[in-house]
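Peer 1: Mind having a look at this structure? Questions to follow.
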Amino acid sequence: MTLREAQTTVDDWIKTIGVRYFNELTNMAMLTEEVGEVARIMARRYGEQSEKESDKTKDLGDEMADVLWVLICLANQTGVDLTAAFQKNLEKKTVRDATRHLDNEKLK
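This is the structure in structure tokens:
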């Protein structure tokens, strides 16, 4: 599925099953909440915090998909074409960082 297809799929789902979009500020708060859930798993599973028994069954992929879902909702609500935005962002990074990482001693 492409980003454009994902945006269409989410929009269709919202309009048929979800009834309507939550407002942008609610979705921003939900995005923050979902990112926090990913951070919790990362800190405990891959970081130095111990993982609670209740966290061991959490599905990192599912939590990341929740982040993507809400981000797509926000893109749809604000008229952002994520395909075009991602392509533009990748071009920016490619030009800006053409040698930056190659020259970084910390990455060698």
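Under numbering that gives the first Met the number 0, the first residue of the sequence shown carries the number 0, and numbering increases by one thereafter. Ideal placement from N, C-alpha and C gives every residue a C-beta, glycine not left out.
1. If you reduce the DSSP assignment to three classes, tell me which class S49 lands in.
2. State buried or exposed for N75, treating a residue as buried only when at least 16 other CB atoms are found within 10 Å of its CB.
3. Suppose the cutoff is 7 Å on Cβ atoms and the five residues either side in sequence are ignored; what does the same chain contact list for L70 look like?
4. At what residues does the alpha helix (DSSP H) containing A83 begin and finish?
Peer 2: Based on what the coordinates show:
1. The residue given as residue 49 occupies position 50 in the sequence shown. DSSP, reduced to helix, strand and coil, places S49 outside both helices and strands of the structure shown, so it counts as coil.
2. Reading the sequence shown from its first residue, position 76 is the one you call residue 75. By the 10 Å Cβ count, N75 comes out buried.
3. Translated into positions along the sequence shown, residue 70 becomes position 71. Cβ within range, chain order: L30.
4. Along the sequence shown, read from residue 1 onward, the residue named residue 83 stands at position 84. That run of the alpha helix (DSSP H) goes L81 to R95.
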